[in-house]
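Please read the structure below before turning to the comments.
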Amino acid sequence: MKHILAVLALLTLTACSSGEQGAFGAAFQQIRGSLFNRGADETAQFTATRASLRAAGIERPVLVVRAPDVDISVGLLEYEQTGGVTIWRSLDGNTVSTASGLLRNTRGFGTDLHSLDTAPAESALASGNDAEYSRVFRAVDGEGVLHRARLYCRLTQEGREQVDVLGQGYDSVRFRETCRADGVPNPIFENLYWRGVHGQIWKSRQWAGPDLGYMTLERVTLQQ
Amino acid sequence: MRAGSFIRGHLSSAIAAVAFALFATGASAQADIFGNQPAGPRPTLNFYGTAGLIDMPSAEVMPDGEFSTTLSYFGGVGRNTLSFQITPRLSGSFRYSVTLDANLAGFVDYYDRSFDLRYQVLRQREGSWLPSVSIGLQDFVGTGIYAGEYIVASRSFGDTLTVTGGVGWGRLGSYNSFASPFSATRPSFVAGSTGGQFSVDQWFRGPAAFFGGVEWQPTDRLGVVVEYSSDAYTTETGQGVFQRESPLNFGVTYQVNRSTRLGAYYMYGSEVGVNLAFSFNPNRPAVPMTHRPVPPPIAIRPDRETSPDLWTTSWVEDPRSRPGLGGRLAEALDGEGLDLIAFNLQPHDAEIRIENTRYTAIAQALGRAARIMAEILPPSVEAFQITLMDDGLAISTLHVRRSDLEALEQQPNAVEALHTLVGLTAATPTREDDLVEGLYPRFDWSLRPYTRASYFDPDNPILMNAGLRLRGSYEFRPGWRLDGSLTYRLAGNLDLMRVSTSSLPAVRTSAGYYERNDGVALERLTFSHATSLGNDFYGRLTVGYLERMYGGVSAELLWHPVANRLALGAEVNYAMQRDYDMGFGFRDYSVVTGHLSAYYQLGDDYLVQVDAGRYLAGDWGATLSIDREFANGWRVGAFMTLTDVSATQFGEGSFDKGIRFSIPISWFTGQPGRRSLGTTIRPITRDGGARLNVPDRLYQRVREGHQDSLDDQWARVWR
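Going down the list, the sequences are from chains C and D.
No gaps in the numbering here: position 218 of the first sequence is 241 in my numbering, and each next residue is one more.
No gaps in the numbering here: position 708 of the second sequence is 765 in my numbering, and each next residue is one more.
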């Protein structure tokens with residue numbers, strides 16, 4: 024509850040100071056992203072650095088989300104943790120939810136990812152071994168009706184790799200997850216996860232549905 | 058000149074369709090939830106606006122729910138067709154056509170309206186050699202100019218090639234016919250006949266002939282078609298409309314965007330033809346719903362173990378609680394386009410009563426309201442009740458537990474799980490003590506542009522007026538209302554509408570007289586009361602100027618249990634015909650009219666309605682309506698009325714029938730909204746089987762908040 028208030032206070036401060044471009048204002052401009060002005064306004068891309076985020080007094084983790092198919096790149100602030108799910112929220116209120124770093128849903132990104140369950144993949148990744156499991160993908164069609172499809176996935180370990188997240192390197196192991204659906208010849212998606220030594224997913228490339236395509240998610244922690 | 062006016066009609070519908078099509082971008086048919094396109098060639102629309110080759114049909118079907126309008130022209134023959142894929146296998150079409158310089162039945166240019174139906178009895182499957190097979194009835198009501206029946210097979214090979222062959226009767230069996238397999242006699246086309254009767258006696262009778270062709274789609278956008286036509290165009294060539302030199306037709310088609318396809322053809326060895334098809338699908342919104350701004354995540358209450366003091370119930374005793382919380386609720390709900398009408402706060406449960414002015418989906422309105430309750434109400438409140446009201450009429454109450462909202466929001470199965478945990482009950486009447494202080498009386502008004510159109514007038518296929526409409530309402534108490542509507546015509550030509558003679562009282566054929574005043578017209582001025590009567594009964598009483606042509610008194614009773622597919626209604630009206638100047642006066646015609654109605658929700662997608670009773674001209678009979686209703690609010694339907702008025706007394710068309718459609722504005726804009734766009738099209742308006750247009754009838758208002766409508770769009774409850 025306390026951290027929600029802190030974030031809300033920050034958001035309010037930005038709103039107040041948006042005209043005068045103070046330190047907060049500048050930093051928030053950099054992480055603002057471009058959900059509304061896709062591609063049209065290059066300054067609306069995510070351009071912040073660790074230093075500029077710290078200078079803005081941001082201490083909570085930031086999730087940098089890029090969806091190249093729809094020209095989105097935006098920094099989201101950790102907003103709330105509930106029942107194992109982290110909700111990341113942009114200044115204009117759009118959200119991405121992750122569980123152990125796996126993408127669950129998006130809200131406000133256009134034709135959103137309604138939901139992709141994460142539990143089987145979470146435990147497979149946690150074990151660190153190759154695994155096979157299924158995940159359920161849910162989507163709302165153009166008519167507004169919910170559809171469900173089961174995906175059959177294989178997780179494979181692809182070796183150690185140093186991964187860079189906003190200028191900071193992490194030792195990690197790369198995993199590739201390939202998911203298929205019955206009656207569809209090609210895989211529905213191939214996700215990549217860079218998992219750190221303590222199990223943290225520092226970086227990933229995850230499928231967010233047919234409209235948003237692949238998103239890269241980078242987790243930026245700012246506390247020393 | 059008639060040809061000129063037809064072309065103008067063509068043009069204006071073409072302009073409307075082009076404007077419509079501009080919304081659509083990209084090129085895709087009906088992708089699955091993974092975004093994959095269906096296999097096989099894309100079916101294209103022919104000169105009759107149905108899936109086919111050029112002038113001949115094929116056995117293909119359009120994607121389910123596809124709604125298309127086709128404009129085609131060759132050699133003096135023009136056709137405007139509206140087609141709808143009613144079910145995955147059944148399609149229907151309505152056509153308005155002209156044959157220029159036909160000199161038939163006293164007309165230089167011959168106009169006709171026709172209906173088609175087609176059913177796909179067999180569908181090609183992957184791994185099987187069997188083709189798709191369809192049976193079709195063309196212009197099947199009356200001995201129409203296009204009357205013909207067919208059985209046709211089509212098979213596609215890979216993603217590019219489709220081969221079609223079939224047997225046709227009637228018009229489609231007129232060239233190089235081989236035999237009369239079922240019966241030799243078939244009544245011939247009679248120009249200018251009354252028509253309108255189902256011509257069962259002629260279906261599949263008389264000579265039959267083979268037709269066929271090949272369509273090749275080398276790319277996603279380009280198509281090449283060759284066909285052999287079994288239509289001899291006997292009437293047209295006999296009247297010198299065009300010369301038919303060959304049975305072979307050739308064409309090239311091009312998919313401009315996902316909704317527009319153009320075709321150019323060389324027809325019958327002598328003529329150049331063009332075809333322009335616009336296709337839309339409820340499942341393919343012009344702009345996808347974005348649901349922005351996104352609601353904040355459900356506010357989670359502080360933990361009860363660690364902060365027990367926040368869970369106190371003592372706030373209830375504080376006299377400032379009700380006005381304070383009520384004010385915050387009203388303000389937050391207002392931000393979501395929801396009007397707070399009444400509320401009741403108890404230590405552990407709370408009820409709010411709201412009117413939804415924004416959301417197309419009721420589930421979304423209820424979901425947003427629940428979020429606001431979770432945001433504002435003290436932690437001790439666990440049970441939420443949200444009652445949906447419509448213009449003061451309380452309809453239904455959703456019961457939802459706050460802890461379920463908190464626990465489920467981020468769950469992948471949140472939609473289905475919440476559905477099993479909520480309850481929906483009929484609403485109890487609104488208690489006086491719960492009303493928001495100072496809310497009543499409520500006054501509301503709007504000033505908006507309007508258009509009114511008339512179709513198929515023999516001299517002017519499309520007549521239209523445009524102007525301004527001022528609406529006002531004054532609600533004394535919940536459900537007690539005064540409503541008025543004035544129009545002011547700015548431009549238009551509806552005054553040219555023909556007034557035809559009738560052997561019945563001119564209850565609707567006199568509509569043209571009402572279009573001849575230039576100034577301000579009083580469309581409606583009513584005093585009404587609608588209320589829930591308990592035990593699943595609802596009642597309405599309306600007095601005043603009910604519609605453009607009638608005033609009087611109307612009383613209605615509806616029985617509709619909240620989770621029932623069946624509803625029953627009764628309505629009785631005393632209607633007096635209004636003066637043509639649309640002022641306060643009445644003419645010397647009045648009638649007692651009314652109906653018993655049964656409404657049945659068939660499956661998820663269809664609404665069947667039967668109304669039996671007495672109509673405006675004093676005739677007795679029944680109306681059958683069937684509408685396909687899509688979850689996002691699209692509706693496409695057809696209706697027919699048979700009464701004790703004979704076909705001769707009725708006049709052209711024999712009985713009242715028509716089609717109607719309604720498309721929510723939100724489908725075009727991607728933004729939530731309550732308004733929709735649509736029309737009712739009757740081939741001809743006569744006086745038999747005419748109903749009074751009573752405003753705010755109960756069924757549509759009540760069902761909106763009932764289980765079926767909630768279920769339809771339940772997927773939006775969290776959005």
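By construction, the Cβ of each residue, glycine as well, lies at the ideal position given by its N, Cα and C atoms.
Note that this is a predicted model, so its numbers are computed, not measured.
{"Asked": "So E82/C is in the beta strand (DSSP E); what residue range does that whole segment cover?", "Found": "E82/C -> no beta strand (DSSP E), and no H or E assigned at all."}
{"Asked": "Pick out whichever of D501/D, V281/D, D277/D, W771/D has its Cα sitting closest to the Cα of R538/D.", "Found": "D501/D"}
{"Asked": "For L102/D and R349/D, I'd like the C-alpha separation in whole angstroms.", "Found": "37 Å"}
{"Asked": "Could you tell me the alpha carbon to alpha carbon distance between D645/D and Q634/D, rounded to whole angstroms?", "Found": "7 Å"}
{"Asked": "Any idea which residues DSSP pairs Y545/D with across the strands?", "Found": "L525/D, V577/D"}
{"Asked": "For N401/D, collect the residues of the same chain with a Cβ closer than 6 Å to its Cβ; drop the 5 residues on either side in sequence, then sort them by chain order.", "Found": "E408, D491"}
{"Asked": "Output yes if chain D places a C-beta closer than 8 Å to the C-beta of A144/C; else output no.", "Found": "no"}
{"Asked": "Along the region 171–198 of chain C, where does the CB come closer than 8 Å to a CB of chain D? Name the residues.", "Found": "A172"}
{"Asked": "Ordered along the chain, which non-local residues of its own chain (more than five positions away) have a Cβ less than 6 Å from that of A204/C?", "Found": "A172, L174, I211"}
{"Asked": "Which residues, in chain order, does the region 335–348 of chain D contribute to contact with chain C at a C-beta distance below 8 Å?", "Found": "N338, P339, N340, R341, P342, P345, M346, T347, H348"}
{"Asked": "Is P304/D closer than 8 Å to S286/D when the C-beta atoms are compared?", "Found": "yes"}
{"Asked": "Give the interface partners of G424/D over in chain C, defined as CB-CB distance under 9 Å, in chain order.", "Found": "Result: empty, since nearest Cβ-Cβ is about 13 Å, beyond 9 Å."}
{"Asked": "In whole angstroms, what separates the C-alpha of L210/D from that of W186/D?", "Found": "As written in the sequence, residue 210/D is Ala, which differs from the Leu given in the question. So the two alpha carbons sit approximately 12 Å from each other."}
{"Asked": "In chain order, what residues of the same chain lie with their CB nearer than 7 Å to the CB of H652/D, ignoring the 5 residues before and after it?", "Found": "E628, D668, A669, G670"}
{"Asked": "On a Cα-Cα basis, can you pick out the residue from R175/D, R152/D, G133/D that is closest to D158/D?", "Found": "G133/D"}
{"Asked": "Just to confirm, are G97/D and S191/D a CB contact at a threshold of 8 Å?", "Found": "no"}
{"Asked": "CB-CB under 6 Å to P149/D, same chain, minus the five flanking residues each way: which ones, in chain order?", "Found": "The residue asked about is misnamed: residue 149/D is Gly in this sequence, not Pro. Same-chain partners within the cutoff: F141, I143, L174."}
{"Asked": "Which residues bound the alpha helix (DSSP H) around D461/D?", "Found": "459–465"}
{"Asked": "If you run the structure through DSSP and keep just helix, strand and coil, what is Q94/D?", "Found": "coil"}
{"Asked": "On the three-state DSSP scale, how would you describe A389/D?", "Found": "helix"}
{"Asked": "Please identify, using Cβ separations under 9 Å, the residues of the region 130–142 of chain C that lie next to chain D, in order along the chain.", "Found": "R130, G131, F132, G133, T134, D135, H137, S138, L139, D140, T141, A142"}
{"Asked": "Can you pull the chain C residues whose beta carbon is under 8 Å from the beta carbon of I738/D, in chain order?", "Found": "None at all; the shortest Cβ gap to chain C is about 24 Å."}
{"Asked": "By DSSP, does D668/D sit in helix, in strand, or in coil?", "Found": "strand"}
{"Asked": "Give a yes or no on whether 8 Å exceeds the smallest Cβ distance from F91/D to chain C.", "Found": "yes"}
{"Asked": "What three-state label does DSSP hand G45/C in the structure shown?", "Found": "Note that G45/C scores 42 on pLDDT, short of 50, meaning its location in the model is unreliable and no value can be drawn from it."}
{"Asked": "Which complete alpha helix (DSSP H) runs does the region 305–333 of chain D hold, if anything under 4 residues is left out?", "Found": "none"}
{"Asked": "What number of angstroms, rounded off, separates the C-alpha of G384/D from the C-alpha of L625/D?", "Found": "39 Å"}
{"Asked": "Residues of chain D with a CB under 7 Å from the CB of A204/C: which are they?", "Found": "F91"}
{"Asked": "Pull up the DSSP beta-bridge partners for H652/D, would you.", "Found": "E628/D, G670/D"}
{"Asked": "Helix, strand or coil for I722/D, going by three-state DSSP, please let me know.", "Found": "helix"}
{"Asked": "For the alpha helix (DSSP H) holding P143/C, just list the boundary residues, first then last.", "Found": "142–150"}
{"Asked": "Use the C-beta contact count for L475/D: other C-beta atoms within 10 angstroms, 16 or more gives buried, fewer gives exposed.", "Found": "buried"}
{"Asked": "With H, G and I counted as helix, E and B as strand and the rest as coil, what does DSSP make of L504/D?", "Found": "strand"}
{"Asked": "How would you label S503/D, buried or exposed, when you count the other beta carbons within 10 angstroms and need 16 or more for buried?", "Found": "exposed"}
{"Asked": "If I'm right that A587/D touches R573/D with Cβ under 8 Å, what's the distance once you round it to whole angstroms?", "Found": "Incorrect: roughly 34 Å between the Cβ atoms, too far for contact."}
{"Asked": "Cβ of N689/D less than 8 Å from any chain C Cβ?", "Found": "yes"}
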